[in-house]
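K.L.:
Sequential numbering of the sequence shown, starting at 3, is according to the working numbering.
Backbone N, C-alpha and C define an ideal beta-carbon position, used for all residues, glycine too.
Bear in mind the structure is a predicted one, so any value in this text is a computation, not a measurement.
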Amino acid sequence: MNNVAWIASPSWIPIIVLALVAVLLIGGLVAMYFITMPIARKVTDFQLVKTSPDKWLRECTAPDNEEQVAMWNEGIAWSDENIAFMKEVMIVNRENMKLYGEYYDRGADSCVIIIPGRGECLKYSYFFAKPYADAGLNVLVIDQRARGLSDGKYDTIGIKEHGDLLEWIAFLEKDHNIHKIWLHGVCIGAVSAILASARENPLRSTPAPASIKGLVLEGAFYNFRESFKEHMKDLGRPVFPVLDECMHLVKKVAGESTNKYSPYNYIDKIDIPILFIYGREDKFSRPVKSQKIYEKCKSPDKQIVWFEHGAHSHLRLTNHEEYDRAVIDFVSKYNVI
3 MNNVAWIASP SWIPIIVLAL VAVLLIGGLV AMYFITMPIA RKVTDFQLVK
53 TSPDKWLREC TAPDNEEQVA MWNEGIAWSD ENIAFMKEVM IVNRENMKLY
103 GEYYDRGADS CVIIIPGRGE CLKYSYFFAK PYADAGLNVL VIDQRARGLS
153 DGKYDTIGIK EHGDLLEWIA FLEKDHNIHK IWLHGVCIGA VSAILASARE
203 NPLRSTPAPA SIKGLVLEGA FYNFRESFKE HMKDLGRPVF PVLDECMHLV
253 KKVAGESTNK YSPYNYIDKI DIPILFIYGR EDKFSRPVKS QKIYEKCKSP
303 DKQIVWFEHG AHSHLRLTNH EEYDRAVIDF VSKYNVI
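#1: So what does DSSP say about N75, is it helix, strand or coil?
#2: Return the CA-CA distance between S306 and L277, expressed in angstroms with no decimal places.
#3: Excluding the five sequence neighbours on either side, which residues of its own chain have a C-beta within less than 6 Å of the C-beta of E69, listed in chain order?
#4: Which residues does DSSP pair with Y156 in a beta bridge?
#5: I need the boundaries of the beta strand (DSSP E) containing I295, first residue and last residue.
#6: In this structure, what does DSSP give as the bridge partners for H186?
#7: In or out: L174 buried (at least 16 other Cβ within 10 Å) or exposed?
#8: Excluding the 5 residues flanking P275 on each side, which residues of the same chain have their C-beta closer than 6 Å to its C-beta?
#9: Assuming N84 is part of the beta strand (DSSP E), what are its boundary residues?
#10: At the level of alpha carbons, what is the spacing between G109 and T53?
#11: Whole angstroms are fine: how far does the CA of V255 sit from the CA of D153?
#12: Under 6 Å Cβ to Cβ from I41, same chain only, skipping five residues before and after it: list those, please.
#13: Can you tell me which of the three DSSP states Q146 falls into?
#14: Classify N140: buried if its beta carbon has 16 or more other beta carbons within 10 angstroms, exposed otherwise.
#15: Out of E220, E61 and E169, which one is the CA nearest neighbour of N98?
#16: Go through the segment 230-283 residue by residue and report every complete run of the beta strand (DSSP E) that reaches 3 residues or more, in order.
#17: Going by C-alpha distance, which of I279, W184 and E104 is nearest R405?
#18: Determine the DSSP secondary structure at W308, reduced to helix, strand or coil.
#19: Can at least three beta-carbon pairs, one atom from the segment 178-196 and one from the segment 111-125, be found at a separation below 8 Å?
#20: Between which two residues does the beta strand (DSSP E) carrying L205 extend?
#21: I need the straight-line Cα distance from L124 to I144, nearest angstrom please.
#22: Compare the Cα-Cα distances from Y268 to each of R239, E232, H233 and F223 and report the closest residue.
#23: Let me know the secondary structure DSSP gives L101 once reduced to three states.
#24: Can you check which of these residues, A195, V45, G103 and S81, is closest to L142 by C-alpha distance?
#25: Leaving out five residues on either side along the sequence, give the residues of the same chain with a beta carbon under 8 Å from the beta carbon of G30.
#26: Which value, in whole angstroms, describes the spacing of the CA atoms of F357 and S112?
#27: Under DSSP, the alpha helix (DSSP H) around G165 begins and ends at which residues?
#28: If distances are taken between C-alpha atoms only, which option among K285, G165, L205 and H314 comes closest to K235?
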């Protein structure tokens, strides 16, 4: 009887209720994890993992998107017109991955490396090459890890790709005596360019190469979590808690937090010339946050160009003349450094 009276004591009722709520809450969270984690894995695999040998090859990644196809065809036409200057190249990175590229050697003493966005191969980068060739630069287009012909399985949002980029820069310096190098980064490619150029970067044991003379960044996002959230919403995927589960999976692959190594956190550690290119209609690199990246940048030679129309990573297609003029004027101004 005493034991029954003790359990039924009014003073213990709130504690018992709280314990039951805690059990239910923890059980719900565990159940939610087992339900939502497979969704997170599916989303992450689709966006960032080469899940089969025939994924992310040298082909158009969006054959149903008219703009993407138009960019692809225009880029292929540029490559065909300049095929006489092209040499197939390959390097082996520190992880013993073979990485492939194409070097358009026009005999210049400067070169641009075009770094494409997620899932794109070097053929995608052809589309952005013309203004640099018109400005008199050589052009290097690359298959980043896990794309095109290059080895690898994961896209690490620029964290490991920027190390590969540094090795491409060393390749140009040592094998081709090029010491004036420009980086053109599109979306995630912009992250690689920023991390490679930052004065301070714990991922890099050596100073940023002095041969990097300037950056052109199209659609550089504030941080990957925010951009990925917009992609998930665009795909009709549930955001909570899948987004944070995806970020956990990305960190396991990349070995580092994408929030920590975001464009916003490193843009103020670059003091070489930078041209930012943004679109007012961009759903994935939102204008308000894009402006904050520009304002945080401490380079004394920074410029920003806004286009009123054009989708994410498609700004040149919608604004050919203005886009090319901005790139040519910018590169021509600083290529004498």
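P.N.:
The short version:
#1: helix
#2: Note that residue 306 corresponds to Ile in the displayed sequence, not to Ser. If you take the alpha carbons of I306 and L277, they lie about 6 Å apart.
#3: H316 and L319
#4: V51
#5: From DSSP, I295 is part of no beta strand (DSSP E) but of the alpha helix (DSSP H) over P289 to K298.
#6: I116 and V218
#7: buried
#8: G216, D303 and Y336
#9: Run containing N84: none; DSSP gives neither H nor E here.
#10: 39 Å
#11: 15 Å
#12: V244
#13: coil
#14: buried
#15: E169
#16: 276-281
#17: With the chain running from 3 to 339 in the structure shown, residue 405 is simply not present.
#18: strand
#19: yes
#20: Unbroken run through L205: none, as it is neither H nor E.
#21: 5 Å
#22: F223
#23: strand
#24: G103
#25: Residue confidence for G30 is low, a pLDDT of 46 falling below 50, so the modelled location carries little weight and cannot support an answer.
#26: Shown here, the chain extends from 3 to 339; a query on residue 357 therefore has no answer.
#27: E163 to H178
#28: K285
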